[in-house]
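Undergrad:
Dropping the structure here:
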């Protein structure tokens, strides 16, 4: 009887471990389909105005690819671990994927791949500084395309990449924030939609992370803002060409 009492906690622990392993769904990344990639790339570059070199760079790192449904698959990875002022690379561990439909004219499909762990992995990338150096700023956006659009607008306005190490991260809910990680970052920017939902989301983040500043696009969202800026840029280029041609005619 004494032996049974002694072994019961061990048996209970093993049973609990087995139950957790059985009931916790395992994330399996969507299978890449290289035959669909050029269509996905064309959608992101032509329809969403994102730079081709950005998109190709993400694909080369394995952070973006096409699946068999012609969805753009943005991988969600564990965050790097901070040791002192340096970050060790834990980015290869996938915890989920954000999907964006690209097939057809008005495809509005957005969602997460089955069993994605939204509180364990995020889509993110860095600009500026040195790899592994201390992150000085994190810009939070609602989706990967929004994060890429916001980053491009920032690069255009500054005339180059930021001097400080900056992370752009897609987080569509304050409940999914990696708070422990973000509390260590000196500056946070909550860059969400220019509507009540976006403002509410940004305000909720500011309450959780006091070092947050709120940024809003003039358009409804950052991708629409980017597309409008690109449109105006083309108009200005055409006007400049017309003036140049008139000058040659004289």
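Numbering (the working numbering), first residue to last: 1366 to 1615. Backbone N, C-alpha and C define an ideal beta-carbon position, used for all residues, glycine too.
In terms of alpha-carbon separation, which member of 1466, 1433, 1442 lies closest to residue 1412?
TA: 1466
Undergrad: CB-CB under 6 Å to residue 1582, same chain, minus the five flanking residues each way: which ones, in chain order?
TA: The beta carbon of residue 1582 sits closer than 6 Å to those of 1559, 1590, all from its chain and outside the five residues before and after it, given in chain order.
Undergrad: Is the Cβ-Cβ distance between residue 1497 and residue 1481 less than 9 Å?
TA: no
Undergrad: Residues in its own chain within less than 7 Å of residue 1513 by CB, not counting five upstream and five downstream?
TA: 1415, 1419, listed in sequence order.
Undergrad: Suppose you measure from the CA of residue 1484 to the CA of residue 1609; what does that come to, to the nearest Å?
TA: The alpha-carbon of residue 1484 is positioned some 55 Å away from that of residue 1609.
Undergrad: Classify residue 1460 as helix, strand or coil using the three-state DSSP reduction.
TA: In the displayed model, residue 1460 falls within a strand according to three-state DSSP.
Undergrad: Going straight from the alpha carbon of residue 1403 to that of residue 1575, what length do you get?
TA: 42 Å
Undergrad: Looking at residue 1489: is its Cβ nearer than 9 Å to the Cβ of residue 1533?
TA: Residue 1533 sits close to residue 1489, with the two beta carbons spaced by under 9 Å.
Undergrad: Thinking residue 1469 and residue 1530 are a contact (beta carbons under 8 Å), I'd like their distance in whole angstroms, please.
TA: Not a contact, Cβ separation roughly 39 Å.
Undergrad: Mind pulling the beta strand (DSSP E) runs of 3 or more residues that sit fully within the segment 1539-1563?
TA: 1552-1556
Undergrad: Using the Cα positions of residue 1600 and residue 1592, report the straight-line distance between them to the nearest angstrom.
TA: 12 Å
Undergrad: Which residues in the same chain have their Cβ closer than 6 Å to the Cβ of residue 1440, if we skip the five residues on either side of it in sequence?
TA: 1428, 1459, 1462
Undergrad: Any idea what DSSP makes of residue 1531, helix, strand or coil?
TA: Correct three-state label for residue 1531: strand.
Undergrad: From 1395, 1545, 1399, 1421, pick the residue whose C-alpha is nearest to that of residue 1445; which is it?
TA: When only C-alpha atoms are compared, the closest one is 1545.
Undergrad: Mapping the DSSP letters down to three states, classify residue 1493 as helix, strand or coil.
TA: coil
Undergrad: Go ahead and label residue 1390 buried or exposed: buried means 16 or more other beta carbons lie within 10 angstroms of its beta carbon, across all protein chains shown.
TA: exposed
Undergrad: Got a sec, what are the start and stop residues for the alpha helix (DSSP H) residue 1419 sits in?
TA: 1417-1426 is the extent of the alpha helix (DSSP H) around residue 1419.
Undergrad: Pull up the distance between the alpha-carbon of residue 1432 and that of residue 1407, whole angstroms please.
TA: 15 Å
Undergrad: What's the C-alpha gap between residue 1328 and residue 1479?
TA: No answer is possible for residue 1328: it lies beyond the span of the chain, which begins at 1366 and ends at 1615.
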